[in-house]
Amino acid sequence: MASGARSVVVIGGGLVGLSAAFHLRRADPQVRVTLLERARVGDAASGASAAGVRAMGRDPAERALALESLGRWPELDRELEGTTGYRRGGGLRVALDDAGWAEARETVAGQRADDVPVELVDAATAHRLAPGLSPDCRGGVHCAIDGQAEAIATVHAFAAGARRLGTRIEEGVAAAALAVEGGRVAAVARGDGSREACDVAIVAGGAWSAPLLARIGVPLPLHGRGLQMLLTDPAPAGLTPVVGCFGRPLSLKQLDDGAYLIGGGWPARIPDAAVNRWQLLDDSVRGSLEVARAVYPPLAARTVARSWAGIEAFTPDDLPVLGPLPGVEGLLVAAGFSGHGFALVPAVGDILARLALGLDPRAHLWRGLDVARHAW
Ligand SMILES: Cc1cc2nc3c(=O)[nH]c(=O)nc-3n(C[C@H](O)[C@H](O)[C@H](O)COP(=O)(O)OP(=O)(O)OC[C@H]3O[C@@H](n4cnc5c(N)ncnc54)[C@H](O)[C@@H]3O)c2cc1C
Numbered sequence: 114m115a116s117g118a119r120s121v122v123v124i125g126g127g128l129v130g131l132s133a134a135f136h137l138r139r140a141d142p143q144v145r146v147t148l149l150e151r152a153r154v155g156d157a158a159s160g161a162s163a164a165g166v167r168a169m170g171r172d173p174a175e176r177a178l179a180l181e182s183l184g185r186w187p188e189l190d191r192e193l194e195g196t197t198g199y200r201r202g203g204g205l206r207v208a209l210d211d212a213g214w215a216e217a218r219e220t221v222a223g224q225r226a227d228d229v230p231v232e233l234v235d236a237a238t239a240h241r242l243a244p245g246l247s248p249d250c251r252g253g254v255h256c257a258i259d260g261q262a263e264a265i266a267t268v269h270a271f272a273a274g275a276r277r278l279g280t281r282i283e284e285g286v287a288a289a290a291l292a293v294e295g296g297r298v299a300a301v302a303r304g305d306g307s308r309e310a311c312d313v314a315i316v317a318g319g320a321w322s323a324p325l326l327a328r329i330g331v332p333l334p335l336h337g338r339g340l341q342m343l344l345t346d347p348a349p350a351g352l353t354p355v356v357g358c359f360g361r362p363l364s365l366k367q368l369d370d371g372a373y374l375i376g377g378g379w380p381a382r383i384p385d386a387a388v389n390r391w392q393l394l395d396d397s398v399r400g401s402l403e404v405a406r407a408v409y410p411p412l413a414a415r416t417v418a419r420s421w422a423g424i425e426a427f428t429p430d431d432l433p434v435l436g437p438l439p440g441v442e443g444l445l446v447a448a449g450f451s452g453h454g455f456a457l458v459p460a461v462g463d464i465l466a467r468l469a470l471g472l473d474p475r476a477h478l479w480r481g482l483d484v485a486r487h488a489w
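This is the structure:
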């Protein structure tokens with residue numbers, strides 16, 4: 114990446130784009146940063162997210178990035194001068210049967226070798242960490258540094274932080290095309306017909322990043338999937354860690370107001386891939402509640418107060434594409450976070466800013482996530 118961009122256009126006002134903008138202006142108050150968001154900031158995956166902040170259970174290629182990010186989360190409110198709702202209550206992935214328990218035991222050593230501080234815990238410890246768990250719980254894996262935040266609060270905190278430092282955030286303005294001239298990015302064509310000149314463009318358009326890149330001949334294999342979330346009515350506080358389960362799709366947490374937030378990757382339908390619209394599926398709602406209640410029986414007394422979905426960009430290997438696009442000077446991509454990008458946002462924004470500004474890009478944190486692995 115050429116050093117010292119003077120003007121950067123960030124495409125996409127999800128958390129990845131907002132974090133890039135925040136870090137750019139913080140690192141260099143002279144660089145002009147314009148962020149184009151075709152709808153409202155946080156309208157897609159970022160605002161819909163379950164907002165789990167975990168290092169546990171990640172692909173080895175994402176572990177360094179996750180650990181770096183988790184090191185930032187406790188200080189993020191101070192850095193952003195905002196409120197993300199972050200709290201570090203730990204993560205607990207339980208096993209309800211022999212197969213789950215075998216998987217739990219298998220997963221520990223590899224993670225510990227990469228410095229993810231997971232511990233195998235027996236049933237008594239699991240029940241102590243999360244009172245109310247199913248009596249079938251055989252134990253599980255605990256990660257004390259995992260935690261949770263609040264999606265919308267985090268979007269607002271990053272957007273406000275980026276604006277305060279001088280980013281121009283334009284909502285309701287789509288990037289229509291990338292203008293590449295002489296092998297380098299020259300501008301971003303805006304949906305309103307004007308042209309935004311820049312030295313560097315950062316494509317952070319989530320599930321809609323691929324069409325922009327396809328128009329300059331780069332067929333990145335990104336596709337959108339709808340992911341469902343359920344929120345119950347509030348209950349007295351009782352659940353501290355984020356709870357998952359081996360062999361069953363679940364992410365369960367209790368929010369500050371007592372409501373339980375239930376996710377885990379249950380699919381929602383996307384009627385038209387070009388737009389940010391989804392429909393919930395009865396089977397997913399039923400299936401998610403069944404799993405959640407089997408793992409954590411107190412949920413049987415709760416009703417669903419709200420449900421929604423978010424459209425997330427997935428790659429074939431479920432790992433993000435991050436970094437410079439080979440062959441086009443000044444073009445950076447950060448997309449395809451495949452259902453687990455929320456936690457990574459502090460480190461990803463920092464890396465994008467470093468790449469744009471020609472600073473040390475801390476390559477050891479994102480080895481294996483580069484764009485070139487999807488050869489075209
Ligand atoms: C339901 C759900 C639960 C999740 N739970 C977790 C979790 O617990 N932990 C975790 O770590 N991760 C989780 N994730 C994943 C995480 O939320 C995402 O990886 C992350 O928010 C992706 O951020 P993004 O900025 O890349 O994408 P997005 O938030 O989708 O933002 C992309 C933005 O780009 C805009 N855009 C697109 N094209 C253009 C264009 N041409 N011009 C201008 N703007 C454009 C869109 O409108 C959108 O606002 C979850 C995701 C979902 C959907």
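Whatever position you read off the sequence shown (first residue = 1), add 113 for the numbering used here. Quick reminder that beta carbons are idealized off the backbone N, C-alpha and C, glycines included. Being a predicted model, the structure only gives us computed values, none of them experimental.
- Separation of the CB atoms of histidine 255 and leucine 291 is rounded to 45 Å, and the pair is thereby denied contact status at 8 Å.
- Taking C-beta separations shorter than 7 Å and ignoring five residues to either side along the sequence, the partners of proline 230 in its chain run Cys256, Ala257 and Ile258, following chain order.
- Residue environment analysis places threonine 416 among the exposed positions, since fewer than 16 neighbouring C-beta atoms fall within 10 angstroms of its C-beta.
- For the 7 Å CB-CB criterion, leucine 465 and isoleucine 315 form a contact.
- For aspartate 463, there is no enclosing beta strand (DSSP E); the enclosing alpha helix (DSSP H) covers residues 458-470.
- In this structure, tryptophan 391 keeps its C-beta atom at 7 Å or more from the C-beta atom of alanine 407.
- Counting only residues of its own chain and dropping the five nearest sequence neighbours on each side, alanine 217 has a CB closer than 6 Å to the CB of Ala208, Gly253, Val254 and Phe359.
- Here aspartate 430 carries a coil assignment [DSSP, helix/strand/coil].
- Remark: C-beta atoms of glycine 165 and serine 451 do not approach each other more closely than 7 Å.
- Contact check for glycine 339 against isoleucine 383 passes: the beta carbons are separated by less than 7 Å.
- Counting the other CB atoms within 10 Å of its CB gives glutamine 143 a total below 16, which places it among the exposed residues.
- One Cα belongs to alanine 317, the other to aspartate 211, and the distance between them is close to 42 Å.
- In the displayed model, glutamate 232 falls within a strand according to three-state DSSP.
- Secondary structure at valine 298: strand, using DSSP grouped into helix, strand and coil.
- Around the C-beta of glycine 125, 16 or more other C-beta atoms lie within 10 Å, and the residue is accordingly described as buried.
- Looking at the DSSP output, glutamate 425 bridges to Arg338.
- Spanning the alpha carbons of alanine 300 and glutamate 309 requires a straight line of approximately 5 Å.
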